[in-house]
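Going down the list, the sequences are from chains E and H.
Mapped onto our numbering, the consecutive letters of the first sequence carry residue numbers 158 to 546.
Mapped onto our numbering, the consecutive letters of the second sequence carry residue numbers 158 to 546.
Notes follow the structure.
Protein chains: 2
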Amino acid sequence: MTSNNSQIPQRILMGPGPSNVHPRVLEAMSHSMIGHLDPIFLEIMDENMKLLRQVFGTKNRLTLPISATGSAGMEATLCNLIEPDDDVLVCVNGVFGMRMSDIVDRYGGNLHTVDAPWGRIIDPQDVADKLKDIVKPKLIAIVHVETSTGILQPLVEIAELAKAHDALLVVDCVTSLCGTPVNLDELGIDAAYSGTQKCMSCPPGLSPVSFSKRAINAIHNRSTKVTSWYLDMGMISKYWGDDRVYHHTAPISMNYALNESLKIVCEEGLDTRYRRHSLHSQALADGLSALGIERIAQEGFRAPMLTSVSVPDDVDEAKVRNQLLHTYNIEIGAGLGTLKGKAWRIGLMGETCRRENVIGLLTALGEILPERSAAEAVQTAENVYNTSK
Amino acid sequence: MTSNNSQIPQRILMGPGPSNVHPRVLEAMSHSMIGHLDPIFLEIMDENMKLLRQVFGTKNRLTLPISATGSAGMEATLCNLIEPDDDVLVCVNGVFGMRMSDIVDRYGGNLHTVDAPWGRIIDPQDVADKLKDIVKPKLIAIVHVETSTGILQPLVEIAELAKAHDALLVVDCVTSLCGTPVNLDELGIDAAYSGTQKCMSCPPGLSPVSFSKRAINAIHNRSTKVTSWYLDMGMISKYWGDDRVYHHTAPISMNYALNESLKIVCEEGLDTRYRRHSLHSQALADGLSALGIERIAQEGFRAPMLTSVSVPDDVDEAKVRNQLLHTYNIEIGAGLGTLKGKAWRIGLMGETCRRENVIGLLTALGEILPERSAAEAVQTAENVYNTSK
């Protein structure tokens, strides 16, 4: 049996998450253990709720980290809001829309979908058309940044449609939160979930969620218990609320880390952070283009923290990923679902989103790929930085 | 907004978990982030599965940590094995038996219970009697150490009954694992779950589970999908198996910590660790008795890592707990459920289970409680240590 744990390499994490973690956050992870009802821990919980409200752009009281990873947040929002036979409309243009559909189906919802090709946004007109066929839609679910394609979905028109049809709107903010504006209250989003390991640059392990008053009312008015005990927001909210009723033992260290990472986000400022993500993704995209590597996501709707690209025909995608990892210590992501073997997913999230990583990856790809010029790619990226000054 | 995170105190964690965490494990938590499909991380996953098999006493291939806390492990074992209308027998003599009943009910199981007073074991004869009324029991669920009362449940006869009735046996090992023998294969237990924050002395955040071949067959033969997507063992096992199919992003740092804590457990040796828990709990119990504080759990069936005691009539229980925390930095647990306000739960789990903590708590209680002698309590505990030499 080897002793791997002491040999963790320093990777540059440019995949779809986890992203690199700030040393302050890693240090927070190593703080002493305290109890889940310790007054100091309760203060950290309260502070985490406040900080999460800031980054979500909401006053929602019920804003907290679910004690599991991002997909558990997806399940928590859906399973608390859906009862068997509720009509639910899920927008599907990638893996995570498919996952939402699967969950709706498992919990007995009456599933309707609006589909778009992978790499294209969901057309609000298609949603409007679909809604004409559904008498009483309980909920509309959509992904803000589809991590399988790098599409950034506009939400304003979808939110208006949800309001017009008196449907709850659930938005997957796993990849978008802290990298591009997520204004729950302004948009009128009723429930959202995220993950800590993307643009928040915290280790994976928690899933921040937020529920509006309308969403809470929907939970209160359920005629059936939520099937999942662990994700039952009614019980979870009693532990995170004033009553402090024991539900489960919260992941203490992960909450230390979340606290520190959210403080770092707020110290930088959300607008500065969004601009940083836009700038570096533009430099990356232009540099990749100079290498003959083109983006999959529809122009005008490209996510600033995740760039999905088509693998050039003359290239063995897995071999290049392995070379990047083993020779350059750079991780990028493979394609998912229908894009398996055909795409790379390059993340510039949170701490990872830095000029040296953009330049480093372009240099590495320029060196690895046949008949490409690393120098030209780097120069193209530098032009973006120079123009932005 | 305060900066609590930098002011975490050094508590002595003598509640029902989390327990104190070894500095090596805290250090592991702060290791650099790597990807959830990084070859180094895949090695750590494999090693964690091997180490978990050792502590569970099993060869079960499907032995891994669920990416959430202990209660999610409870839900994972039950929701994967139960289909709607299955007859399920749950043994209830405390909060965690009640919780299992709740989950069985939520997932549509046909719930039967065998009850015992809190602080008493489940009588196998009661289980045998109940089974006479159930034509085809799919599953029997029981708690090994009931954390609300400190009862250690004997499992041999229950396991024989399960076998005789061709029912799956699910055992809650949250508090028992690594503190008292848990031999899944020897006993014929089909599914078990635990938590990392008890006798393993790892931070909370993961729930080790193990499923036998019979249990896996039951999952394969389901006619319905598992309702919970996040806890669907069929999908989870594909990520932890050779295929490495992406399911969710594993909590990387928590798996580093689990790895290190399991190595510490194995370095000490399971038998040595069990003896250590027995010795210190005996010293604690005798010392408490000298203070006029008596145990709740039935004699002969007292768990060696969790001592539940009745709060003396002349004592304000919450005030004493607060004094212990704020003056002595010692956390003990309050009573749960029907024992709320009437009991203290004192944990001696993993790293916490040390002579200085036993002596420290007895001294503190002797000082806080009226008309008690700390010196006498300490001497009584010391007698246990001297006799054991």
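We treat Cβ as the ideally placed atom computed from N, Cα and C, and that holds for glycine.
At a CB-CB cut-off below 9 Å, which residues of chain E make contact with Thr-464 of chain H? Result: empty, since nearest Cβ-Cβ is about 17 Å, beyond 9 Å.
Same chain, Cβ closer than 6 Å to Leu-208 of chain E, five either side skipped, listed in chain order: Leu-419
Under 9 Å by beta carbon: chain E residues contacting Arg-433 of chain H: Within chain E, no C-beta atom comes less than 9 Å from the C-beta of Arg-433 of chain H; the nearest is roughly 19 Å away.
Residues of chain E with CB closer than 8 Å to the CB of Trp-397 of chain H, please, in chain order. The premise fails here: Trp-397 of chain H is roughly 14 Å from chain E at the closest Cβ pair, so nothing lies under 8 Å.
Assuming Ala-225 of chain H and Ala-229 of chain E form a contact by the criterion Cβ under 8 Å, report the distance between their Cβ atoms to the nearest whole angstrom. 7 Å
Assuming Cys-510 of chain E contacts Arg-433 of chain E under a Cβ cut-off of 8 Å, what Cβ separation, rounded to an integer in Å, is found between them? 6 Å
Chain E contact residues for Arg-137 of chain H, given Cβ-Cβ distances below 8 Å: In this structure chain H extends from 158 to 546, so residue 137 of chain H is not present and cannot be described.
Meets three-Cβ-pair contact criterion under 8 Å: the stretch 230-238 of chain E and the stretch 387-401 of chain E: yes
Can you check DSSP and say which residues form a bridge with Val-466 of chain H? H:Arg-452, H:Trp-501
Presumed contact (8 Å Cβ cut-off) between Gly-444 of chain E and Thr-544 of chain E, rounded CB distance: That belief does not hold up - the Cβ atoms of Gly-444 of chain E and Thr-544 of chain E are roughly 13 Å apart, past 8 Å.
According to DSSP, is Arg-459 of chain E part of a helix, a strand, or is it coil? strand
To the nearest angstrom, how far is the alpha carbon of Met-158 of chain H from that of Glu-417 of chain E? The predicted model places Met-158 of chain H with a pLDDT of 39, which falls under 50 and marks its position as unreliable, so this point remains unresolved.
Within 8 Å of any Cβ in chain E, is that where the Cβ of Arg-263 of chain H sits? Yes, its Cβ sits closer than 8 Å to a Cβ of chain E.
Should His-179 of chain E be flagged as near chain H, meaning a C-beta pair shorter than 8 Å? no
Between Gln-164 of chain E and the rest of its own chain, which residues show a CB-CB distance below 6 Å, the 5 nearest in sequence each way excluded? Nothing meets the Cβ criterion.
Would Arg-263 of chain E and Gln-455 of chain E qualify as a contact pair, given that the criterion is a beta-carbon distance under 8 Å? no
Tell me the DSSP secondary structure of Asn-486 of chain H in three-state form. coil
Check distances from the C-beta atoms of the stretch 366-398 of chain E to those of chain H and list, in chain order, the residues that come in under 7 Å. Lys-382, Thr-384, Ser-385, Trp-386, Tyr-387
Does DSSP put Thr-220 of chain E in a helix, in a strand, or in coil? In this structure, Thr-220 of chain E counts as strand in the three-state DSSP scheme.
Label Ala-534 of chain H either buried or exposed according to how many other C-beta atoms from any shown protein chain fall within 10 Å of its C-beta, with 16 as the threshold for buried. buried
Jot down the residue ranges of each uninterrupted beta strand (DSSP E) in the stretch 352-380 of chain H, minimum 3 residues, whole runs only, in chain order. Segments of the beta strand (DSSP E) lying fully in the stretch 352-380 of chain H: 364-368.
Counted within 10 angstroms of its Cβ, other Cβ atoms place His-193 of chain E as buried (16 or more) or exposed: buried
Counted within 10 angstroms of its Cβ, other Cβ atoms place Pro-196 of chain E as buried (16 or more) or exposed: Pro-196 of chain E is classed as exposed because its beta carbon has fewer than 16 other beta carbons within 10 Å across all chains shown.
For Asn-540 of chain E, collect the residues of the same chain with a Cβ closer than 8 Å to its Cβ; drop the 5 residues on either side in sequence, then sort them by chain order. Asp-443
What do you get for Pro-408 of chain E, buried or exposed, if any count of 16 or more other CB atoms within 10 angstroms of its CB means buried? buried
Could you confirm whether any beta carbon from chain H is found closer than 8 Å to the beta carbon of Val-535 of chain E? No, Val-535 of chain E lies away from the interface with chain H (no Cβ there is under 8 Å from its Cβ).
By a C-beta neighbour count over all protein chains shown, 10 Å radius and 16 as the cutoff for buried, is Gln-282 of chain H buried or exposed? exposed
Determine the direct distance from the alpha carbon of Ala-414 of chain H to that of Ser-160 of chain E, and round the result to whole angstroms. With a pLDDT of 47 at Ser-160 of chain E, under the threshold of 50, the modelled position of that residue is not reliable, and the figure given next carries that caveat. Distance between the alpha carbons of Ser-160 of chain E and Ala-414 of chain H is about 13 Å.
Do Ile-297 of chain E and Ala-321 of chain E have their C-beta atoms within less than 8 Å of each other? no
Of the choices E:Ala-531, E:Thr-220, E:Val-245, E:Met-202, whose alpha-carbon is the least far from that of Lys-370 of chain E? E:Thr-220
Proximal residues to Gln-480 of chain H (C-beta, below 6 Å), its chain only, five neighbours per side dropped: Ile-525
Mind listing which residues of the stretch 411-422 of chain E have their C-beta closer than 7 Å to chain H's C-betas, in chain order? Met-411, Tyr-413, Asn-416, Glu-417
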